[in-house]
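Colleague: As you go down the protein sequences, you meet chains A and B in turn. Just so you know, we're using UniProt numbering here: the first sequence kicks off at 1 and counts up by one. Just so you know, we're using UniProt numbering here: the second sequence kicks off at 1 and counts up by one. Quick reminder that beta carbons are idealized off the backbone N, C-alpha and C, glycines included. Predicted model only: the values in this text are computed from it and were never measured. Before I ask anything, here is the structure I am working with.
Protein chains: 2
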Amino acid sequence: MQSRTPASRTGRPRSTAADAAILAATRQALVELGWSRLTLGDVAVRAGVAKTTVYRRWAGKNELVVDAVAELFDELCVPDRGSLAADIEGVVLQFAAILARPEARSGLMAVVAEATRDDALRERIRASIVDRQKRLVLAGRARAQARGELPAEADVDRAARTVDLIFDMVAGAVVHRTLVSAEPADEEWVHGFTRVLLSGLASAGSA
Amino acid sequence: MQSRTPASRTGRPRSTAADAAILAATRQALVELGWSRLTLGDVAVRAGVAKTTVYRRWAGKNELVVDAVAELFDELCVPDRGSLAADIEGVVLQFAAILARPEARSGLMAVVAEATRDDALRERIRASIVDRQKRLVLAGRARAQARGELPAEADVDRAARTVDLIFDMVAGAVVHRTLVSAEPADEEWVHGFTRVLLSGLASAGSA
DNA sequence: GTGCTTTCGCTACGAGTCGTAGCGTAATGC
DNA sequence: GCATTACGCTACGACTCGTAGCGAAAGCAC
Numbered sequence: 001m002q003s004r005t006p007a008s009r010t011g012r013p014r015s016t017a018a019d020a021a022i023l024a025a026t027r028q029a030l031v032e033l034g035w036s037r038l039t040l041g042d043v044a045v046r047a048g049v050a051k052t053t054v055y056r057r058w059a060g061k062n063e064l065v066v067d068a069v070a071e072l073f074d075e076l077c078v079p080d081r082g083s084l085a086a087d088i089e090g091v092v093l094q095f096a097a098i099l100a101r102p103e104a105r106s107g108l109m110a111v112v113a114e115a116t117r118d119d120a121l122r123e124r125i126r127a128s129i130v131d132r133q134k135r136l137v138l139a140g141r142a143r144a145q146a147r148g149e150l151p152a153e154a155d156v157d158r159a160a161r162t163v164d165l166i167f168d169m170v171a172g173a174v175v176h177r178t179l180v181s182a183e184p185a186d187e188e189w190v191h192g193f194t195r196v197l198l199s200g201l202a203s204a205g206s207a
Numbered sequence: 001m002q003s004r005t006p007a008s009r010t011g012r013p014r015s016t017a018a019d020a021a022i023l024a025a026t027r028q029a030l031v032e033l034g035w036s037r038l039t040l041g042d043v044a045v046r047a048g049v050a051k052t053t054v055y056r057r058w059a060g061k062n063e064l065v066v067d068a069v070a071e072l073f074d075e076l077c078v079p080d081r082g083s084l085a086a087d088i089e090g091v092v093l094q095f096a097a098i099l100a101r102p103e104a105r106s107g108l109m110a111v112v113a114e115a116t117r118d119d120a121l122r123e124r125i126r127a128s129i130v131d132r133q134k135r136l137v138l139a140g141r142a143r144a145q146a147r148g149e150l151p152a153e154a155d156v157d158r159a160a161r162t163v164d165l166i167f168d169m170v171a172g173a174v175v176h177r178t179l180v181s182a183e184p185a186d187e188e189w190v191h192g193f194t195r196v197l198l199s200g201l202a203s204a205g206s207a
């Protein structure tokens, strides 16, 4: 997961079951204890492994929680709902559903906070969580272009900035709604948000 | 600040200078150490007070950091730049400037993460930070209505939902851009964001 | 099978932080 | 002066941290 040693063919291999058990135990501990009260010793007990085993695989609490939370985003995909607006609503609803889970709420914000002072951790979050989300934006745009709802971008640089802007707006709004305003990103909210975002992109893009 | 005892007229009064020193020391510690390595004992030493004095005034690290970060948002105001778009850009740039400061980056996300499992803490954040920001949205809308750029809302309930949506979109996008994407919310970005947001609100609102 | 290598579980350890209690002193209102 | 509260200081048990050391287990090469 984090210490790939492709050259090591000999010796006892690491238990993949232990990896899964530790990550699952981490999520369970996040639900029951939250970030601050989560200890690696407790995770080890829940996973049924020794504390030293956890430390051999992860450098610390930050990295462990990033990997545990990242698995939650594996299920994200772009559903084909027929139109760009409906596709976006579908993705946003999926994202909101993940953020509604307590293990994501507690863990995600905490590691982002830690990442403000740890470049390596931020890079790890980017690689295992953010990029996985950003891929959805690209996939959705490609599908919309195939449908003819969006024109093929002429300026590559400008298109990249637009994708980044969309991503920050979508992820940021859902996270803020869910975690700061502490109100559900339900279908009604997502519908209103998507309408503003899409008409804004259409108007500002044509202007 | 947090333990108002208006009935206590007798006895030695609490030093207001100590309050300010502790909050300033907390922000300094956030800059130098970040959230996870910040300890109340260290804050006490920096502030030049005894550790017990800190514990007498704040229940714990969470509450202390909320109050310390909240003071950063005191300077927020709605500048009169002549148009709704320019006003919004001004506010967003102010918000981005605060989030660019390390004591805000480290502290804000951490307490939001803790608040996912602590209703009292979330209420404290709402009262001392979020509401202070949301007031800007209301002030900006009032000024735009006075200018005639926005119509007076007919449906009060719908208007309230719109304000909440705008607030989540603005704050969420800036936070995500700054902390997750780790790129500056500079004038160029803010300009593009504001254009999408405003044209989206105009189109979706008229539809 | 025999070895070599690496992982595993377990125990123990010093270091550091936590939040609190106790004490004498300082500062205010009556 | 007296009651009351805040302050600085010290000390304390409890807890978590991350690491080291050990013997046993599980693979792979031969």
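Cβ of residue 3 of chain B less than 8 angstroms from any chain A Cβ?
Modeller: Low local confidence applies: a pLDDT of 40 at residue 3 of chain B is under 50, so the model's placement there is unreliable, with the coordinate-based value given in what follows. False, the Cβ-Cβ gap to chain A never drops below 8 angstroms.
Colleague: To the nearest whole angstrom, what separates the beta carbons of residue 217 of chain A and residue 196 of chain B, a pair I think is in contact under 8 angstroms?
Modeller: What is shown of chain A runs 1 to 207, which leaves residue 217 of chain A out entirely.
Colleague: So, for residue 80 of chain A: in the same chain, excluding its five sequence neighbours on each side, which residues have a beta-carbon less than 8 angstroms away from its beta-carbon?
Modeller: 87 and 143
Colleague: Compare the C-beta of residue 164 of chain A against all C-beta atoms of chain B and say whether one is closer than 8 angstroms.
Modeller: yes
Colleague: With distances taken between CB atoms, is the gap from residue 31 of chain A to residue 75 of chain A smaller than 8 angstroms?
Modeller: no
Colleague: What are the start and end residues of the alpha helix (DSSP H) that includes residue 16 of chain B?
Modeller: 16-37
Colleague: To the nearest angstrom, report how far apart residue 133 of chain A and residue 91 of chain A are at their CA atoms.
Modeller: 10 angstroms
Colleague: Classify residue 183 of chain A as buried or exposed, calling it buried when 16 or more other Cβ atoms lie within 10 Å of its own Cβ.
Modeller: exposed
Colleague: With a threshold of 8 angstroms between beta carbons, is residue 100 of chain B in contact with chain A?
Modeller: no
Colleague: Measure the CB-CB distance between residue 89 of chain B and residue 176 of chain B and report whether it falls below 8 angstroms.
Modeller: no
Colleague: I'd like to know whether the C-beta atoms of residue 61 of chain B and residue 33 of chain B end up nearer to each other than 8 angstroms.
Modeller: no
Colleague: Among B:38, B:54, B:42 and B:35, which one has its Cα closest to the Cα of residue 17 of chain B?
Modeller: Sorting B:38, B:54, B:42 and B:35 by C-alpha distance to the C-alpha of residue 17 of chain B places B:54 at the top.
Colleague: Contact criterion: CB-CB distance below 8 angstroms. Does residue 177 of chain A meet it with respect to chain B?
Modeller: yes
Colleague: For residue 184 of chain B, does the three-state DSSP call read helix, strand or coil?
Modeller: coil
Colleague: Quick one: is residue 123 of chain A buried, meaning 16 or more other Cβ sit within 10 Å of its Cβ, or exposed?
Modeller: exposed
Colleague: Start and end of the alpha helix (DSSP H) containing residue 154 of chain A?
Modeller: Looking at the DSSP string, residue 154 of chain A is not in any alpha helix (DSSP H), and its letter there is neither H nor E.
Colleague: Can you pull the chain A neighbours of residue 122 of chain B, defined as C-beta to C-beta under 7 angstroms?
Modeller: 182
Colleague: Counting only beta-carbon separations shorter than 8 angstroms, does residue 203 of chain B have a partner in chain A?
Modeller: yes
Colleague: Using the Cβ count rule (16 or more neighbours within 10 Å means buried), how would you classify residue 12 of chain A?
Modeller: So residue 12 of chain A ends up on the exposed side.
Colleague: Examine chain A for any beta-carbon lying closer than 8 angstroms to the beta-carbon of residue 116 of chain B, and answer yes or no.
Modeller: yes
Colleague: Can you tell me whether residue 63 of chain A is buried or exposed, with buried defined as 16 or more other CB within 10 angstroms of its CB?
Modeller: So residue 63 of chain A ends up on the buried side.
Colleague: Restricting to Cα atoms, I'd like to know which of A:114, A:83 and A:98 is closest to residue 141 of chain A.
Modeller: A:83
Colleague: Excluding five sequence neighbours on each side, which residues of the same chain lie with their C-beta closer than 8 angstroms to the C-beta of residue 222 of chain A?
Modeller: Chain A is shown only over 1 to 207; residue 222 of chain A falls outside these bounds and no answer can be derived.
Colleague: Run through DSSP, which three-state label would residue 100 of chain A get?
Modeller: coil
Colleague: With distances taken between CB atoms, is the gap from residue 70 of chain A to residue 128 of chain A smaller than 8 angstroms?
Modeller: yes
Colleague: Name the two residues that bound the continuous alpha helix (DSSP H) containing residue 10 of chain B.
Modeller: First-last for residue 10 of chain B: undefined, no H or E at that position.
Colleague: Please report the straight-line C-alpha distance between residue 38 of chain A and residue 113 of chain B, rounded to a whole angstrom.
Modeller: 13 angstroms
Colleague: Since residue 52 of chain A is in the alpha helix (DSSP H), which residue starts that stretch and which ends it?
Modeller: Per DSSP, the continuous alpha helix (DSSP H) segment holding residue 52 of chain A begins and ends at 51-57.
Colleague: Beta-carbon of residue 193 of chain B versus every beta-carbon of chain A: anything under 8 angstroms?
Modeller: It does: the Cβ of residue 193 of chain B has a partner Cβ on chain A nearer than 8 angstroms.
Colleague: Would the beta-carbon of residue 66 of chain A fall within 8 angstroms of that of residue 111 of chain A?
Modeller: yes
Colleague: Helix or strand or just coil, what does DSSP make of residue 74 of chain B?
Modeller: When DSSP states are grouped into helix, strand and coil, residue 74 of chain B belongs to the helix group.
Colleague: In this structure, does DSSP put residue 200 of chain B in helix, strand or coil?
Modeller: helix
Colleague: What residue range does the alpha helix (DSSP H) around residue 120 of chain A cover?
Modeller: Note, residue 120 of chain A: alpha helix (DSSP H), 119-125.
Colleague: Taking 8 angstroms as the CB-CB limit, is residue 196 of chain A close to chain B?
Modeller: yes
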